[in-house]
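Just so we're aligned: the sequence shown equals residues 1 to 576 in full-length UniProt numbering.
Note that beta-carbon positions come from the ideal geometry of N, C-alpha and C, so glycine has one too.
It should be emphasised that the depicted structure is a prediction, and the values quoted were computed from it without experimental measurement.
What follows is a single structure, written as structure tokens, with notes after it.
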Amino acid sequence: MKLARLALRHARPYWGSIFAVLLLQLISTIAALYLPSLNAKVIDQGVSKGNTDFIWTTGTTMVVVCFIQVAAAIGGIYFGARTAMAIGRDLRREVYHRVNALGALDVARFGTATLITRNTNDVQQVQMLVLVALNFMVSTPIMCIGGIIMALREDLALSWLLWVSVPLLFVVVGFLVVKLLPLFREMQERIDTVNGVLREQIVGIRVIRAFVREQFEAARYRDANLSLTRVSVRVGNLFVLMFPLIMMILHLATSAVLWFGGQRVDAGAMQIGSLTAFLQYLLQILVAVMMGVFMIMMIPRAAVSAERLDDLLSTEPSLAVPRGTDAPSGHAVEFKDVSFGYPGAERPVLNRVSFTAGEGRTTAIVGSTGSGKSTLVNLIPRLFDPQSGTVRIGGVDVSELSRPQLATLVGLVPQKPYLFSGTIASNIRFGRPAASDEDIWNALEVAQAKDFVEDKPKGLAETIAQGGTNVSGGQRQRLCIARALAARPRVFLFDDSFSALDVTTDERLRRSLHGATGGATVIIVAQRVSTIREADHIIVLDNGEVVGAGTHDELLEDNETYREIVESQLSVEGVA
Numbered sequence: 001m002k003l004a005r006l007a008l009r010h011a012r013p014y015w016g017s018i019f020a021v022l023l024l025q026l027i028s029t030i031a032a033l034y035l036p037s038l039n040a041k042v043i044d045q046g047v048s049k050g051n052t053d054f055i056w057t058t059g060t061t062m063v064v065v066c067f068i069q070v071a072a073a074i075g076g077i078y079f080g081a082r083t084a085m086a087i088g089r090d091l092r093r094e095v096y097h098r099v100n101a102l103g104a105l106d107v108a109r110f111g112t113a114t115l116i117t118r119n120t121n122d123v124q125q126v127q128m129l130v131l132v133a134l135n136f137m138v139s140t141p142i143m144c145i146g147g148i149i150m151a152l153r154e155d156l157a158l159s160w161l162l163w164v165s166v167p168l169l170f171v172v173v174g175f176l177v178v179k180l181l182p183l184f185r186e187m188q189e190r191i192d193t194v195n196g197v198l199r200e201q202i203v204g205i206r207v208i209r210a211f212v213r214e215q216f217e218a219a220r221y222r223d224a225n226l227s228l229t230r231v232s233v234r235v236g237n238l239f240v241l242m243f244p245l246i247m248m249i250l251h252l253a254t255s256a257v258l259w260f261g262g263q264r265v266d267a268g269a270m271q272i273g274s275l276t277a278f279l280q281y282l283l284q285i286l287v288a289v290m291m292g293v294f295m296i297m298m299i300p301r302a303a304v305s306a307e308r309l310d311d312l313l314s315t316e317p318s319l320a321v322p323r324g325t326d327a328p329s330g331h332a333v334e335f336k337d338v339s340f341g342y343p344g345a346e347r348p349v350l351n352r353v354s355f356t357a358g359e360g361r362t363t364a365i366v367g368s369t370g371s372g373k374s375t376l377v378n379l380i381p382r383l384f385d386p387q388s389g390t391v392r393i394g395g396v397d398v399s400e401l402s403r404p405q406l407a408t409l410v411g412l413v414p415q416k417p418y419l420f421s422g423t424i425a426s427n428i429r430f431g432r433p434a435a436s437d438e439d440i441w442n443a444l445e446v447a448q449a450k451d452f453v454e455d456k457p458k459g460l461a462e463t464i465a466q467g468g469t470n471v472s473g474g475q476r477q478r479l480c481i482a483r484a485l486a487a488r489p490r491v492f493l494f495d496d497s498f499s500a501l502d503v504t505t506d507e508r509l510r511r512s513l514h515g516a517t518g519g520a521t522v523i524i525v526a527q528r529v530s531t532i533r534e535a536d537h538i539i540v541l542d543n544g545e546v547v548g549a550g551t552h553d554e555l556l557e558d559n560e561t562y563r564e565i566v567e568s569q570l571s572v573e574g575v576a
């Protein structure tokens, strides 16, 4: 069972604490079972006979036993809670590291919403089951078995009440658990759907408002929420049915003990103290069964969560993580017969692409929308791996370089600029935490971001919201460029990173970059011809294939695809 394997694997570091919990729960349960017997003796041998000394002696023993029972129970709950929370922490950490190890295609396969749910809700379900199991795993069976033995010691003739009430309780619980298991699985899927719809609407709120689609999106969320509500109501109905049935069995059993036990007391076949003890043992047994029921009711939901967690944790990342090799002697980027296609796509995005971006040179990638420009750039830092062919930096295949090596070599400014919650300084230092304030200001100056940062009341300490939503698109792009510059990589990748800049700022930035990047390899993906016309080498992509390579003037003269791109923006004469 995946739930048991998952729980046991993460419980191994805490066997000492678990043993302490089980021992304390054992002591607490034995003490609880001893108390009704002492109470029966007080009634039968003390109260009935007027033996005050016996009452005081036995009463003192009861107080001591009660104190031991309470202390052991508190200790067991305390250590059990600490152990369960530690297991939950370790499980969340493992899920987090697994998600970080997944490639972009793996993340897309699972979906962002379900990954968040698995690291929060699913882990919590397993964690709560561990907590309940540690508290009741020992006490419940011992209380049931011990209670039955102690009850039979008090009066064997009433034992038939135990053989009727306890199995009846298990039958009721078993029936409901079988009904609940598929509903819990369905509920988790509905939670994923609600999270996915909500996340999509939060991320795309500007587009939704721009197209006045609030009502449509509200209807989508309402449908997803209603679907979750329906399943939750079905689960709730079963829970509502369960506890009245359990209480009915409990009250009927109590009434039966008092009725038949009272007749035996009246006939002189049983003492009042024994009847009281038998009733207390019956209640202890049924309460223990109820606690077991509570634990059993958590198993189906935790089992579904464990399956989902195991599915994630057993997924091997599509990108193999190498131990690393010797650092490349150079940093020229070479594509050799590279082909790549997304899962389910009818045709590859890139088809046998070959070119070299030389050191100290600026190589531009240009092409129509959907020609594979961004995909090509994403292969260099290994966001994806090509299906065939190789991508090399300094003659070394990027698949042989470790992540730290790649992070040192490659600085990527993504097509969609993203900033993390924190400050301007913390975002710029993201690629190189050791960067000084002077390094940051230099990077900001090159990225044409120094002026607006200086205008901020707190300067580098100015707060940045999650995603950089409190700065404009152009400012966000420039801060991302500064982040890449501050990291001092040997390969710069600019994936349409100047699209939000005006022409003047774009020109100043490119002029500054030329001096700041030094002998680094620079690869620029751009839509605007003005951005790439000064590049040392321009690669023209069309439908995932290289259809031209050369300088701006060379391509303008003999490459029809490039000429069409230029003519779609400016007249040939104006650019030439």
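The beta carbon of serine 159 sits closer than 6 Å to the beta carbons of Leu152 from its chain, once the five residues preceding and following it are set aside; these are given in chain order.
Fewer than three pairs of CB atoms, one per stretch, sit closer than 8 Å, so the stretch 363-376 makes no contact with the stretch 394-401. Within the stretch 141-212, the runs of alpha helix (DSSP H) at least 4 residues long that lie entirely inside it are, in chain order, 159-203, 205-210.
As the crow flies, the alpha-carbon of arginine 185 is around 48 Å from that of leucine 485. In the three-state reduction of the DSSP assignment, threonine 325 falls in the coil class. Distances from the alpha-carbon of arginine 93 to those of His10, Leu168, Ile68 put His10 closest. By the neighbour-count definition (other C-beta atoms within 10 Å, threshold 16), proline 328 is a buried residue. One Cα belongs to leucine 91, the other to valine 123, and the distance between them is close to 7 Å. Leucine 3 and valine 293 have their alpha carbons spaced roughly 18 Å apart.
Taking every protein chain shown into account, the CB of glutamine 466 has fewer than 16 other CB atoms within 10 angstroms, so this residue is exposed. Shown here, asparagine 351 sits in a strand according to DSSP, grouped into three states. Contact fails between the stretch 26-33 and the stretch 104-111, because fewer than three Cβ pairs, one in each stretch, are under 8 Å apart. About 6 Å separates the beta carbons of glutamate 462 and threonine 423, which is inside the 8 Å limit, making them a contact pair.
In this chain, the beta strand (DSSP E) harbouring leucine 541 covers 537-542.
A direct Cα-Cα distance of roughly 28 Å separates isoleucine 27 from arginine 5. DSSP lists Arg392 as the beta-bridge partner residues of aspartate 397. The alpha-carbon separation between arginine 490 and threonine 229 amounts to approximately 54 Å. Distance from the CA atom of glycine 370 to the CA atom of proline 386, rounded to whole angstroms, is 17 Å. Short of 8 Å from the beta carbon of threonine 52, and not among the five residues preceding or following it, lie these beta carbons of its own chain, in chain order: Gly46. Rounded to the nearest angstrom, the gap between the Cα atoms of glycine 341 and leucine 541 is 15 Å. In the three-state reduction of the DSSP assignment, isoleucine 116 falls in the helix class. Just measuring C-alpha positions, the residue of Gly80, Asn119, Ile142 sitting nearest leucine 131 is Gly80.
Apart from sequence neighbours up to five positions away, the residues of its chain that approach valine 265 with a beta-carbon distance below 8 Å are Gln271, Ile272, Leu275, ordered along the chain. In this structure glutamine 448 is buried. Its beta-carbon is surrounded by 16 or more other beta-carbon atoms within 10 angstroms. In the structure shown, glycine 411 falls within a strand segment according to DSSP collapsed to helix, strand and coil. Between methionine 150 and the set Met128, Ile285, Val349, the nearest pair of CA atoms involves Ile285. The shortest CA-to-CA distance from leucine 509 to any of Gln569, Leu556, Leu444 is the one to Leu444. In the three-state reduction of the DSSP assignment, isoleucine 30 falls in the helix class. The continuous stretches of alpha helix (DSSP H) do not include alanine 447, and DSSP gives it neither H nor E. Comparing alpha carbon positions, the residue from Gly204, Tyr281, Asp553, Glu359 closest to methionine 143 is Tyr281. Per DSSP, the beta bridge partners of valine 338 are Val353.
The C-alpha of glutamate 545 lies about 16 Å from the C-alpha of asparagine 378. Put simply, the stretch 464-480 does not touch the stretch 396-407. Fewer than three CB pairs are less than 8 Å apart. Sequence-distant partners of glycine 75 (beyond 5 residues in either direction) whose C-beta falls short of 6 Å from its own C-beta, in its chain, are Leu24. Taking the Cα of aspartate 451 as reference, the smallest distance to any Cα among Ser17, Leu556, Leu479 is reached at Leu479.
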